[in-house]
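Enquirer:
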Amino acid sequence: MKYLPISNKLFIKNRKNFTTQMTPKSLAVFNSNDIYPISADSTMPFEQHRDIFYLSGVDQEESMLVLFPDCPKEKHREILFLKETNEHIAIWEGEKLTKEKALETSGIKTVYWLQDMEKIMFEIMTQCDTVYINTNEHYRANVEVETREDRFTKWLKEKYPAHAVAKSNPILQRLRSIKDNIEIDLIQQACNITEKGFRRILNFVKPGVWEHEIEAEFMHEFLRNRSKKFAYTPIIASGNNANVLHYVENNQQCKAGDLILMDIGAEYANYSSDMTRSVPVSGKFTPRQKDVYNAVNRVKKEATKMLTPGTIWEDYHIEVGKIMTSELLGLGLLDKNDVQNENPEWPAYKKYFMHGTSHHMGLDTHDYGILTEPMQANMVFTVEPGIYIPDEGFGIRLEDDVVIQEKGEPFNLMRHIPIETDEIEDIMNS
Ligand code: GLY
Ligand code: MN
Ligand code: MN
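Each number in our numbering corresponds to the 1-based position in the sequence shown with 330 added.
What follows is the structure, given as structure tokens:
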């Protein structure tokens, strides 16, 4: 792991929050992700399942966590099953969690090797009536492969058909959407690394650079600051590429006069950051680019103010749509007729701003959170309006990550990342 150790207080607290919501005589199981194969003996880099990480801090494949808060045997109230390691295995396979290290990481005292799992599971399954399984109910989830969690669930339901089944996911969606201060600090660190990357490229971008060269500059800064990777596939989109919302080729040359839209964020300790900035290749915005940029920036500022406890995500989007409509009228991109005749299902502003303004952000970039429930303090959201104008050869999006406060405006985790046009031009020309 490149990140520094995280206090196990976070994971102990997260488990307590989870188990207090379980029904009597129940246990819950969480599995790590598989290491996904490519072909031959090649594999994708391991990415831990965010739920087992959230509840234990274990960042290793072939791991399993069991929570059984009212187990008659106290030592079985929290169990980790891990892939066996010893000094010999460590030489061949590299460092893995020992039982002592697993305790230090997670605060869990009972650690068994995976080969004992079926035997221990039999004992504790006979002591409970309900088993919580962990299905993926994220509103954007679209998964074709069978995960390790799915395989385990199948096995468990087949072997123990008389147990009642309950869902972990709604509990986790609610818990994970409200961030602990330790988590906010980790997200802040991810944002700070992203800031370093952005400042680095502001002095690197000039006519003739390639989009992938900009991507490389970010990666350099991320890795040297203990981020293992981009939090999501970055978008480095110059000129009209910015109008392809999911442009990830990043293989074109940046031309004088164009803007570059960069939607890019570092991960740190599995926590994401999610930033978008749009900067001029030549270091100076044209008057038209500046007008559109400032309109997006105003929408962003107004939207941010609405992220307060009690706000409903859907109502918020309707309000942001009204502000965006008025900016688009000001820019001459819409006229009164467009707005008067608009289809309420697809308002006129969506011609230029067709995606959402905000999503939960955390261990997943599009994090857990139940969108029909009111916003609460310590939720982290992005704010990311944009205006996309293929006819004019550019698109602009600005995106920051903010924490909802009990009172007042949200706290901006990207407050130090340059966003005003003057500041960006000054740095680019310094
Ligand atoms: N970068 C993904 C998003 O902005 O939602
Ligand atoms: Mn983004
Ligand atoms: Mn985003």
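From the three backbone atoms N, C-alpha and C, an ideal C-beta is built for every residue, glycine too. Here the structure is a predicted model, which means the values were calculated and not measured.
Quick one: grab the DSSP three-state call for E753.
Expert: Helix.
Enquirer: Give the C-beta separation of I517 and L637 to the nearest angstrom, bearing in mind that I take them to be a contact with Cβ-Cβ under 8 Å.
Expert: Actually they are not in contact, since the Cβ atoms of I517 and L637 sit about 15 Å apart, beyond 8 Å.
Enquirer: By the DSSP assignment, the beta strand (DSSP E) with R727 in it spans what residues?
Expert: That run of the beta strand (DSSP E) goes 724-727.
Enquirer: Given 8 Å as the limit, is there contact between the region 597-606 and the region 693-710, that is, 3 or more CB pairs closer than that?
Expert: A contact exists between the region 597-606 and the region 693-710.
Enquirer: Answer yes or no: the CB of D371 versus the heavy atoms of ligand 2, is any distance below 7 Å?
Expert: Not under cutoff, so the answer is no.
Enquirer: Spatial neighbours of A583 within its chain, please: C-beta separation below 7 Å, excluding the five flanking residues on both sides.
Expert: Looking at the sequence shown, residue 583 is not Ala but Gln. These residues qualify, in order along the chain: G538, W540.
Enquirer: Go through the region 691-723 residue by residue and report every complete run of the beta strand (DSSP E) that reaches 3 residues or more, in order.
Expert: Here the runs fully enclosed are 710-713, 716-719.
Enquirer: Under a three-way DSSP split, which group does V609 fall into?
Expert: In the structure shown, V609 sits in a strand (DSSP, three-state: E or B).
Enquirer: Would the beta-carbon of T687 be found less than 7 Å away from any heavy atom of ligand 1?
Expert: For ligand 1, not one heavy atom lies less than 7 Å from the Cβ of T687.
Enquirer: Cβ of N708 within 8 Å of Cβ of I438?
Expert: No. Outside cutoff.
Enquirer: Following a CB-centred definition, is T655 positioned closer than 7 Å to any heavy atom of ligand 1?
Expert: No, Cβ of T655 sits at least 7 Å from all heavy atoms of ligand 1.
Enquirer: On the DSSP letters alone, give me the boundaries of the alpha helix (DSSP H) that F552 sits inside.
Expert: Counting along the chain, the alpha helix (DSSP H) containing F552 begins and ends at 541-554.
Enquirer: Would you identify the three-state DSSP class for K339, choosing helix, strand or coil?
Expert: K339: helix per DSSP, three-state reduction.
Enquirer: By the three-class DSSP mapping on this structure, what secondary structure does T440 have?
Expert: Three-state result, T440: strand.
Enquirer: Thinking S436 and N338 are a contact (beta carbons under 8 Å), I'd like their distance in whole angstroms, please.
Expert: Their Cβ separation, rounded to whole angstroms, is 6 Å, which keeps S436 and N338 in contact under 8 Å.
Enquirer: I'd like the span of the beta strand (DSSP E) that includes N499, first residue to last.
Expert: N499 -> not in any beta strand (DSSP E); alpha helix (DSSP H) instead, spanning 499-507.
Enquirer: Report yes if the C-beta of T460 is less than 7 Å from at least one heavy atom of ligand 1; otherwise report no.
Expert: Answer for T460: no, Cβ out of range of ligand 1.
Enquirer: To the nearest angstrom, how far is it from the Cα of K405 to the Cα of K431?
Expert: Cα-Cα distance, rounded: 18 Å.
Enquirer: Check whether the region 654-669 touches the region 677-684, taking contact to mean three or more Cβ pairs, one atom from each stretch, closer than 8 Å.
Expert: In short, these stretches touch, since the Cβ pair count reaches three.
Enquirer: Closer than 6 Å by C-beta to N759: which residues in its own chain qualify, once you throw out the five before and the five after it? Chain order, please.
Expert: So the qualifying residues of the chain are G613.
Enquirer: Got a sec, what are the start and stop residues for the alpha helix (DSSP H) E448 sits in?
Expert: Segment 447-455, the alpha helix (DSSP H) holding E448.
Enquirer: Give the secondary structure of D730 by DSSP, where H, G and I count as helix, E and B as strand, and everything else as coil.
Expert: Note: D730 maps to strand in three-state DSSP.
Enquirer: Bridge partners of Y411, per DSSP?
Expert: Note that residue 411 corresponds to Phe in the displayed sequence, not to Tyr. For F411, which the question treats as bridged, DSSP gives the partners M394, Y442.
Enquirer: Using only the heavy atoms of ligand 3, determine whether one of them is closer than 7 Å to the beta carbon of E434.
Expert: No, since every heavy atom of ligand 3 falls outside the 7 Å radius drawn around the Cβ of E434.
Enquirer: If you follow the beta strand (DSSP E) that D593 is in, where does it begin and where does it stop?
Expert: Segment 589-594, the beta strand (DSSP E) holding D593.
Enquirer: Considering only residues of the same chain and omitting the five flanking positions on each side of Y442, which have a CB-CB separation below 8 Å?
Expert: Same-chain partners within the cutoff: I409, L410, F411, L412, I450.
Enquirer: Taking the beta carbon of H452 as the centre, do at least 16 other beta carbons fall within 10 Å, making it buried, or is it exposed?
Expert: For clarity, residue 452 is Phe in the given sequence; the question names His instead. Exposed is the call here.
Enquirer: Would DSSP call I642 helix, strand or coil?
Expert: Coil at I642, not helix or strand.
Enquirer: So, under 8 Å CB-CB, G686 and H647 are touching, yes? Tell me the CB distance rounded to an integer number of Å.
Expert: That belief holds up - the Cβ atoms of G686 and H647 are roughly 6 Å apart, short of 8 Å.
Enquirer: Taking L357 as part of the beta strand (DSSP E), name the residues at either end of that continuous run.
Expert: Segment 356-361, the beta strand (DSSP E) holding L357.
Enquirer: Would you report the Cα separation of K559 and K403, rounded to the nearest angstrom?
Expert: Between K559 and K403, the C-alpha separation is close to 42 Å.
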